[in-house]
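Everything below concerns the one structure shown next.
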Amino acid sequence: MSDIRKKMTVVIGSHFFKVLVRDPKEYSLVLRYTKEFTTVETDRDGIPIPTVYAVVNKHDNEFRFHINTYSGFVNFLMVNGLSVNDYDVEVMPINYGYDTGIKMLDKYSPREHQVPIIDYFLTQTAKSGYYINQVLKQNFIGIQTGEGKTLTSSFCAVKLGKRILICVRPLFMKKWAEDIFDIFKVKKTETLSVQGSDQLKGLLSIAKEPEFKKVKVILVSLPTVRNWFKAYETLGSKACREAGYDCDPDQFYEHLGVGMRLIDEVHIDFHFNFIHDLYTNVNKGISLSATLLNLDPFMEKMYNLAYPKLDRYNGGELKKYTKSFAVMYDFQFQRRVNTKDFGSNTYSHIAFEKSIMSNNNKGLLNNYCGMIYDILNIKFLPTFTKGKKAVVYAASKKMCTAIAEFLKKQLPDMDVRRYIGKDPKEPGIEDPYENLLDADIRVTTIQSGGTGHDIKGLTDVIMTNCIQSIQQNIQVLGRLREIIGGETRFYYLTCYSLEKQMKYHFDKVEMLKERAKSFEILPYGMKL
273 MSDIRKKMTV
283 VIGSHFFKVL
293 VRDPKEYSLV
303 LRYTKEFTTV
313 ETDRDGIPIP
323 TVYAVVNKHD
333 NEFRFHINTY
343 SGFVNFLMVN
353 GLSVNDYDVE
363 VMPINYGYDT
373 GIKMLDKYSP
383 REHQVPIIDY
393 FLTQTAKSGY
403 YINQVLKQNF
413 IGIQTGEGKT
423 LTSSFCAVKL
433 GKRILICVRP
443 LFMKKWAEDI
453 FDIFKVKKTE
463 TLSVQGSDQL
473 KGLLSIAKEP
483 EFKKVKVILV
493 SLPTVRNWFK
503 AYETLGSKAC
513 REAGYDCDPD
523 QFYEHLGVGM
533 RLIDEVHIDF
543 HFNFIHDLYT
553 NVNKGISLSA
563 TLLNLDPFME
573 KMYNLAYPKL
583 DRYNGGELKK
593 YTKSFAVMYD
603 FQFQRRVNTK
613 DFGSNTYSHI
623 AFEKSIMSNN
633 NKGLLNNYCG
643 MIYDILNIKF
653 LPTFTKGKKA
663 VVYAASKKMC
673 TAIAEFLKKQ
683 LPDMDVRRYI
693 GKDPKEPGIE
703 DPYENLLDAD
713 IRVTTIQSGG
723 TGHDIKGLTD
733 VIMTNCIQSI
743 QQNIQVLGRL
753 REIIGGETRF
763 YYLTCYSLEK
773 QMKYHFDKVE
783 MLKERAKSFE
793 ILPYGMKL
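Numbering of the sequence shown is given in our numbering, commencing with residue 273 and proceeding in unit increments.
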């Protein structure tokens, strides 16, 4: 059969394969295959919203799928009457990246538990998938929080010696920018930080200039890359080139000479990070997370597709060093507490906090904040010495403000601050990052001060949020690092007359059995 009669072309990269179709019949066929990677959820108005873990580019008649489903795609075509003679297969050249010889500062050397992880990164072969028995192109490092994921991945990068690209949320850009200079032997002229489409276009335009050869580390914000991908999917390759992007997204890493891609806290924005793979052609990738867990079977399926369990690094037995407590309380009989947004049937802790702050529940906010103060009085305040720190998590900016103001009045001699970071859903002035790091007691949200932040000297965590996400619960617990010779404590609030909160409580108990040193229920004596 001659090439002109081939029905489609399959192009294989390191992390993905794309399918270029030539007629409506094959387009419809491949579109059917995407349903395997589609989940449908409803928004607060009950409207179904599909989320697809594949890419459909209607403009260029192009589909993209994860490389680990390639054999499934071939079987799908066979079942539908297409043999290997009906399509071309092209394999993209391996992109090893540019040698930079990057080094770490002399003060760092691998800890004992990090040595096998570095070996895993360099030598572990794939046990399944398209690249079976070849050295893994995508490594997943899932060691426990506090065990040095950032440093471990940096040791791996140095061993590889290639140009590095790190893609993170804007919230983490400042932290990573500081970490780069704290970890690597690099000058400012050897690093680039990119945010926004104009800067990304500028980066692509200078990639072939002689001066670019000295660049060792590139830090890119996640929305910057995501917006480019969306433009490509909507407008097509030609329009994006005309708009100033010097290459297609799947040429990104080769165009920049990047040999290692690093994704931090991959469980956050997992859908985009999955889609990012569908444009990635690079010899080595590292994804970091201590909590690649989900109660949803579909999400577990996607996790295992992106990072097959047999190919992940197993960090071994979890260290248990934190004492955990469930603070159980209830409301006075006349209180009217709402736990759902208008028109929704799902639990909302934001709605719950609004009820507590409502004028219809006179005195409730004061009582609620007083309970938090009493929890601090269990151990943190009586044993406080300078350098010890506590954090209180709430769901909303308003509740964080209310709790912080209450504690400031109760504790005039202590440094109490609110920290709210950048939030595109709730624009406003960002609190100084020092509020999160330096205060004796900080009040923050999980989004602002949870994942990805290390607070030195943290001994006490109080989580007022009632959330189902096992990932967020583990991440909040994981803010507490082991203190040799010291004690760390994790408290979470549960109203025992609210069904959903009790359900989430029992889920936490199961999680804490595996991750906490001890667990105890503390009944709060006063009804709020």
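Virtual Cβ for every residue (Gly too), placed ideally from N, Cα, C.
Source: prediction; values computed, not measured.
- In the structure shown, I321 adopts extended strand secondary structure according to DSSP, grouped into three states.
- Across the structure, K375 and G353 are spaced so that their CA atoms are roughly 53 Å apart.
- The Cβ atoms of L730 and R761 lie no closer than 8 Å to each other.
- In this model, H331 and N707 are separated by some 47 Å (Cα to Cα).
- C-alpha of T657 to C-alpha of V663: approximately 15 Å in a straight line.
- Straight across, the Cα-Cα distance linking E526 with G369 is about 7 Å.
- For P795, the enclosing beta strand (DSSP E) covers residues 790-795.
- For Q743, the uninterrupted alpha helix (DSSP H) segment begins and ends at 742-749.
- L560 is bridged by DSSP to I413.
- The alpha carbon of T422 has as its nearest neighbour, out of K409, V328, A449, the alpha carbon of A449.
- Here the alpha carbon of A666 sits roughly 27 Å from the alpha carbon of G414.
- The segment 511-519 makes contact with the segment 468-479; the number of CB pairs closer than 8 Å reaches 3 or more.
- Contiguous beta strand (DSSP E) elements confined to the segment 326-356 occur at 327-329, 334-338, taking only those with 3 or more residues.
- In this structure, the CA atom of Y585 is about 21 Å from the CA atom of F288.
- Of all C-beta pairs linking the segment 574-582 to the segment 757-773, fewer than three are shorter than 8 Å, placing the two stretches out of contact.
- Counting along the chain, no alpha helix (DSSP H) covers R714; the unbroken beta strand (DSSP E) around it starts and ends at 713-716.
- For Y299, the enclosing alpha helix (DSSP H) starts and ends at 296-305.
- A distance of 8 Å or more separates the beta carbons of P382 and F337.
- Counted as a single uninterrupted DSSP element, the stretch harbouring S425 is not any beta strand (DSSP E) but the alpha helix (DSSP H) occupying residues 421-432.
- According to the DSSP secondary-structure assignment, R533 is paired through a beta bridge with L437, G557.
- Taken atom to atom, the span from the alpha-carbon of D613 to that of I718 is near 20 Å.
- The alpha-carbon of K785 is positioned some 10 Å away from that of S596.
- The beta carbon of H777 sits closer than 7 Å to the beta carbons of A598, T766 from its chain, once the five residues preceding and following it are set aside; these are given in chain order.
- Just measuring C-alpha positions, the residue of M571, P704, V407, M532 sitting nearest F546 is M571.
- Taking a contact as a CB-CB distance under 8 Å, the pair Y593 and K379 does not count as one, their CB atoms being some 25 Å apart.
- Look at the segment 566-619 and you find these whole runs of beta strand (DSSP E), each 3 residues long or longer: 594-601.
- Per DSSP, the continuous alpha helix (DSSP H) segment holding Y504 begins and ends at 494-507.
- Beta-bridge analysis with DSSP links S465 to L491.
- If you draw a straight line from the Cα of F444 to the Cα of R608, it comes to about 39 Å.
- Taking the CA atoms as reference points, V489 sits about 17 Å from K473.
- Shortest Cα-Cα distance from I390 to any of D371, P569, L432 involves L432.
- Between D536 and L564, the CB-CB gap reaches or exceeds 8 Å.
- Looking at the DSSP output, V291 bridges to V282, F335.
- CA-to-CA, the gap between D360 and Q406 works out to about 23 Å.
- Three or more beta-carbon pairs drawn from the segment 452-466 and the segment 486-502 are found closer than 8 Å, and the two stretches are therefore classed as touching.
- Nearest in C-alpha terms to F605, of all of I647, G659, I404, L800, is L800.
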